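Q: Mind having a look at this structure? Questions to follow.
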Amino acid sequence: MTVKRKSTAEPTAGGTPTDLANAAVALAVSAPWLEPQRRRLAEAWRGTRFPHALLLRGPAGVGKAALAEWVARLVLCDERQQAPCGACSSCQLLAAGNHPDFLRAGLEEDARQVKIEAVRALALALTMKSYRQGYKVAVVAPADRMSPGAANALLKTLEEPAANTVLILVADQADRLPATVASRCQQLRVPRPDPATALHWLETRESRTDWELCLDLAYGSPLRAVSIAATGGATLARDMGELLEALAGQGRDLISEAERWVKAGAAERVRWVEFWAARAVREAQVGEGSHSLDMRVLHSTTQRRHIQSLFAVHDSAREASGWLQRGSVNAQLLVEGLLLDLVRAVRSRPAEGKNS
Ligand SMILES: [Zn+2]
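The sequence shown stops at residue 460 when you use the numbering used here, and every number in between is there.
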């Protein structure tokens, strides 16, 4: 006989916060690379020592926020040994988005920082008695985007945690957190899965031919690959192909092109250029080898210059990627610089032995 229980929904674009939270939990359970973290946390919970404060850190798009949702269900479930059971009244309240002892603070619409008011309210709520005579759990995500005031407001909670409370911080860039905050949390790293694991997981979710491209563009982060796929990985490749042609011809206005990139997601485009340049260097080098000796001498100066310009594109794309990952950078200026390098490279291409 099958036990009927409310199934957790798959992620849906623009779902309610509850839909999203349920989808996140389903994801945390289905992701094989989160298994060691889940096991460690479940063991700690069934044992005697569970941290008052947990910092989930690691690159963007690997499922840290999903894991935080799962931890909330682990800690709030009424059946400690089977937690999260999905069937008890606590689990049902969480699935319905109605658990009174679960709190969240995050970015409000279009805000760049997690505000002090949100963190204060959460810290205050943690000091109050549990409504269900159990634990209280609070998640701050993205914690690395807390304003200095907000981070400060969290300090007292970290220094003198109330009994039976768990605070979970989620950070892509944990080194941006004040040391006073980070050092008071038990830190759990969530690394990127290896590409084969990520690819397999993506393919079991949905059959697509461009998962590998999406995963590459996402720096190997599977959840980011999902969102790139949702916004059209193939479309991106086509747009970029058209851009290269335009740059080789009469060109495009680089400033407005950079604006478009920043609006549409500069990181993926910069990453695409990095791949493109690496491939173009290889192809140009192979092309050079295929000429006769006389041709090679004739060819070599322009060809070498072309290869150098491709290396320059590759290096600036890689550097720009790093900056964009770390955030707090003038993306517009960065992209304009990269586009200039790109123009130089596509226009330095020798007329003969063109690379496709
Ligand atoms: Zn339960």
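Each residue gets a CB set at the ideal place from its N, CA and C atoms; glycine is no exception.
Computed from a predicted model, the values in this text were never measured in an experiment.
On the criterion of 16 or more Cβ atoms from any shown chain inside 10 Å, does residue 188 qualify as buried, or is it exposed?
A: Residue 188 sits at position 84 when you count from the first residue of the sequence shown. When all chains shown are included, residue 188 counts as buried.
Q: How far does the alpha helix (DSSP H) with residue 309 in it reach, from first residue to last?
A: For this step, residue 309 is matched to residue 205 along the sequence shown. First-last of the alpha helix (DSSP H) with residue 309: 299-309.
Q: Would you give the residue range spanned by the alpha helix (DSSP H) that residue 328 belongs to?
A: Residue numbering aside, residue 328 sits at position 224 when the sequence shown is read from its first letter. It spans 326-334 - the alpha helix (DSSP H) in which residue 328 sits, taken as one unbroken run.
Q: Note the first and the last residue of the continuous beta strand (DSSP E) segment covering residue 291.
A: Within the sequence shown, the letter at position 187 stands for residue 291. Its beta strand (DSSP E) spans residues 290-293.
Q: Under 7 Å Cβ to Cβ from residue 379, same chain only, skipping five residues before and after it: list those, please.
A: Translated into positions along the sequence shown, residue 379 becomes position 275. These residues qualify, in order along the chain: 320.
Q: Taking just the CA atoms, how far does residue 389 sit from residue 411?
A: In the sequence shown, counting from the first residue as 1, residue 411 sits at position 307. In the sequence shown, counting from the first residue as 1, residue 389 sits at position 285. One C-alpha to the other measures close to 8 Å.
Q: Do residue 176 and ligand 1 come close, with the Cβ less than 8 Å from some heavy atom?
A: Within the sequence shown, numbered from 1, the residue matching residue 176 stands at position 72. Outside the cutoff, so no.
Q: Alpha carbon to alpha carbon, what distance is there between residue 382 and residue 255?
A: Translated into the one-based positions of the sequence shown, residue 255 becomes position 151. Translated into the one-based positions of the sequence shown, residue 382 becomes position 278. Each residue's Cα considered, the two are about 41 Å apart.
Q: Where residue 116 and residue 329 are concerned, what is the direct C-alpha to C-alpha distance, given to the nearest angstrom?
A: Reading the sequence shown from its first residue, position 12 is the one you call residue 116. Reading the sequence shown from its first residue, position 225 is the one you call residue 329. Its pLDDT being 39, under 50, residue 116 is placed unreliably by the model, and the measurement read from it follows with that caveat. If I take the Cα positions, the gap works out to 15 Å.
Q: When every heavy atom of ligand 1 is checked, does at least one fall within less than 8 Å of the C-beta of residue 182?
A: Locating residue 182 in the sequence shown gives position 78, counting from the first residue. It does: the Cβ of residue 182 is within 8 Å (strictly closer) of some heavy atom of ligand 1.
Q: Tell me the residue span of the beta strand (DSSP E) that contains residue 76.
A: As displayed, the chain neither begins before 105 nor continues past 460, which places residue 76 out of reach and without an answer.
Q: DSSP beta-bridge partners for residue 272?
A: On the sequence shown, position 168 is the one that residue 272 refers to. For residue 272, which the question treats as bridged, DSSP gives the partners 158 and 243.
Q: Decide if the segment 233-253 is in contact with the segment 209-225; the criterion is three or more beta carbon pairs, one per stretch, under 8 Å apart.
A: As far as the Cβ criterion goes, the segment 233-253 touches the segment 209-225, which means the pair count is three or higher.
Q: Hey, how far is the Cα of residue 356 from the Cα of residue 424?
A: Against the sequence shown, residue 356 aligns to sequence position 252. Against the sequence shown, residue 424 aligns to sequence position 320. Answer to the nearest angstrom: the Cα atoms are 21 Å apart.
Q: Could you tell me the distance, in whole angstroms, from the CA atom of residue 119 to the CA atom of residue 237?
A: Within the sequence shown, the letter at position 15 stands for residue 119. Within the sequence shown, the letter at position 133 stands for residue 237. One C-alpha to the other measures close to 31 Å.
Q: Is residue 438 helix, strand or coil when you go by DSSP?
A: In the sequence shown, residue 438 corresponds to position 334, counting from 1. Looking at residue 438 - three-state DSSP - the assignment turns out to be helix.
Q: With DSSP run on the structure shown, which of helix, strand or coil describes residue 166?
A: Your numbering for residue 166 matches position 62 in the sequence shown. Residue 166 falls in the coil class under three-state DSSP.
Q: At a threshold of 8 Å, does residue 187 count as lining ligand 1 (C-beta to nearest heavy atom)?
A: Numbered from its first residue, the sequence shown carries residue 187 at position 83. Yes.
Q: Taking the runs of the beta strand (DSSP E) that are 3 residues or longer, which of them lie wholly in the segment 352-378?
A: You should have found no qualifying run.
Q: Bridge partners for residue 473 per DSSP, in chain order?
A: In the structure as shown, the chain starts at 105 and stops at 460, and residue 473 therefore has no counterpart that could be examined.
Q: Helix, strand or coil, according to DSSP, for residue 232 in the structure here?
A: Translated into positions along the sequence shown, residue 232 becomes position 128. It is coil, neither helix nor strand.
Q: CB of residue 289 to nearest heavy atom of ligand 1: below 8 Å?
A: Position 185 of the sequence shown, counted from the first residue, corresponds to residue 289. Answer for residue 289: no, Cβ out of range of ligand 1.
Q: Where does residue 168 land, buried or exposed, given buried means 16+ other C-beta within 10 angstroms?
A: By one-based count along the sequence shown, residue 168 stands at place 64. With 16 or more other Cβ atoms within 10 Å, it is buried.
Q: Can you give me the C-alpha to C-alpha distance between residue 302 and residue 405, rounded to a whole angstrom?
A: For the purposes of this step, residue 302 is taken as the residue at position 198 of the sequence shown. For the purposes of this step, residue 405 is taken as the residue at position 301 of the sequence shown. Going by the C-alpha atoms only, they are around 43 Å apart.
Q: Between which two residues does the alpha helix (DSSP H) containing residue 462 stretch?
A: The shown model of the chain, from 105 to 460, leaves out residue 462, and the question about it has no answer.
Q: Mapping DSSP to helix, strand and coil, what is residue 433?
A: Looking up residue 433 in the sequence shown gives position 329. If DSSP states are grouped into helix, strand and coil, residue 433 belongs with coil.
Q: Going by alpha carbons, who is nearest to residue 156 out of 141, 171 and 175?
A: Counted from its first residue, the sequence shown places residue 156 at position 52. Checked all of 141, 171 and 175; the closest Cα to residue 156 is 175.
Q: With a 10 Å radius around its C-beta and 16 neighbouring C-beta atoms as the bar for buried, classify residue 205 as buried or exposed.
A: In the sequence shown, counting from the first residue as 1, residue 205 sits at position 101. Classification for residue 205: buried.
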